[in-house]
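According to my numbering, the sequence shown is numbered sequentially starting from 321. The beta-carbon is built from N, C-alpha and C at its ideal position, and this holds for glycine as well. All values reported here derive from a predicted model rather than from experimental measurement. Take a look at the structure set out below.
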Amino acid sequence: MYKAVILGTGPAGLTAAIYLARANMEPVIIEGPEPGGQLTLTTEVENFPGFEQGILGPELMETMKKQAKRFGAIFKRGLATKVDLKNAPFQVEVDSLGTIETEALLISTGASAKMLGIPGEKELLGKGVSTCATCDGFFFRDKKVIIVGGGDSAMEEATFLTKFAKEVNIVHRRDELRASKIMQDRARANEKITWSMNCTPVSVVSDGMKTSGLEVMNNDTGKKEIIDADGIFIAIGHHPNTGFLKGHLRLDDQGYIIVEPGTTNTSVPGVFACGDVQDHKYRQAITAAGTGCMAAMDCEKYLEGERMIDWSQNMS
Ligand code: NAP
């Protein structure tokens with residue numbers, strides 16, 4: 321049985337690992353299918369304090385992992401598929417390890433990109449369809465690409481893609497964007513960006529091998545048309561990785577873990593949540609790292625026997 325198990329190795333999980341390892345709590349960190357989290361899918365990170373010239377996302381995560389290992393954190397690969405949180409020690413089923421038991425559990429499983437769920441999308445993922453402009457934009461030098469979405473992510477990624485692509489077409493299902501004004505203005509001022517507003521994606525079209533376009537329905541006319549493109553970037557938001565927690569912890573209507581305000585306490589004493597899995601507002605590497613630190617400190621107090629109040633009883 322372990323003292324503390326951390327699920328997830330993004331900035332939240334790794335920061336918690338550093339703090340718990342330094343406090344001699346011998347944390348075990350379960351590294352899921354996206355080791356390092358979303359930052360490993362980005363290139364330059366310019367807003368993480370301490371790096372005047374910026375740092376590559378994967379490098380930042382690798383450095384944090386080494387830092388945690390230096391203090392004795394133990395890393396194991398696997399995917400948590402089931403939990404039993406009725407009583408401590410808690411049980412976590414990990415596909416590669418079987419059932420593990422832990423006195424305290426920190427959940428930092430992050431959030432993943434949402435998909436459109438249209439024909440062709442899954443099959444052509446990695447063959448022209450992508451959810452990460454910063455990772456894959458480079459492959460579309462002088463090509464035509466589509467960005468699907470009308471939020472800040474779509475605007476940001478479209479603007480980023482103009483560094484490589486000859487044309488970036490934004491496909492959005494309404495005639496009004498959700499993005500903030502500054503991000504909209506930046507995209508609108510970019511000559512390489514074109515717009516297909518009020519168009520709902522219907523299917524991803526292929527030439528038999530790779531993506532060749534996106535079939536959309538014009539919501540004004542009801543007519544379908546194919547927009548030719550070599551690449552399609554889906555930027556329609558994220559969902560928290562909490563499927564395995566349903567019915568065991570209090571989640572909000574979008575599936576994010578509800579924590580006691582100002583702490584990382586979940587509805588189960590001894591279970592803590594940090595990073596994007598409990599934050600759909602800030603979603604920054606630095607805020608995730610900050611809550612990772614909080615979770616480690618909350619966990620440390622819990623393990624040292626400080627009385628925990630089941631705050632969820634008082635929630636309306
Ligand atoms: P978002 O704000 O939720 O926007 C998602 C967009 O995708 C919306 O325009 C939505 O359309 C569209 N969409 C969702 N499901 C769809 C579907 N099935 N088919 C077609 N379109 C679909 O997500 P986000 O852009 O990832 O931003 C998330 C948060 O991060 C926001 O708070 C944002 O401000 C923040 N963020 C900030 C920055 C920055 O400041 N640099 C950068 C990126 C993100 P509707 O509008 O019709 O709902």
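- Ligand 1 has no heavy atom closer than 6 angstroms to the beta-carbon of residue 508.
- Between residue 539 and the set 403, 392, 491, 466, the nearest pair of CA atoms involves 491.
- Fully enclosed alpha helix (DSSP H) runs of no fewer than 4 residues occupy 453-456, 472-481, 501-508 of the stretch 446-524, in order along the chain.
- A distance below 7 angstroms separates the beta carbons of residue 546 and residue 525.
- With contacts defined by Cβ atoms closer than 7 angstroms, residue 615 and residue 426 form a contacting pair.
- Counting only runs of 3 or more residues that sit fully inside the stretch 377-451, the beta strand (DSSP E) segments are 394-397, 400-404, 410-414, 418-427, 431-433, in chain order.
- In this model, residue 466 and residue 479 are separated by some 12 angstroms (Cα to Cα).
- Sixteen is the threshold: when 16 or more other Cβ atoms of the shown chains lie within 10 Å of the Cβ of residue 590, as they do, the residue is buried.
- Between the alpha carbons of residue 428 and residue 541 lies a distance of about 45 angstroms.
- Excluding residues up to 5 positions away in sequence, 484 lie with their Cβ nearer than 7 angstroms to the Cβ of residue 458 in the same chain.
- The way I'd put it, the stretch 329-336 does touch the stretch 582-597; three or more beta-carbon pairs between them come closer than 8 angstroms.
- Per DSSP, reduced to three states, the secondary structure at residue 618 is helical.
- Per the coordinates, the alpha-carbon of residue 447 lies some 39 angstroms from the alpha-carbon of residue 404.
- Annotation: residue 324 to residue 573 spans about 28 angstroms, alpha carbon to alpha carbon.
- By the Cβ neighbour-count rule, residue 503 is buried, with 16 or more other Cβ atoms within 10 Å of its own.
- According to the DSSP assignment, residue 552 belongs to the beta strand (DSSP E) that extends over 551-554.
- Not a single heavy atom of ligand 1 lies less than 6 angstroms from the C-beta of residue 461.
- By the neighbour-count criterion, in which a residue is buried when 16 or more other Cβ atoms sit within 10 angstroms of its Cβ, residue 509 is exposed.
- Remark: C-beta atoms of residue 402 and residue 553 do not approach each other more closely than 7 angstroms.
- Taking the Cα positions, residue 488 is about 11 angstroms away from residue 461.
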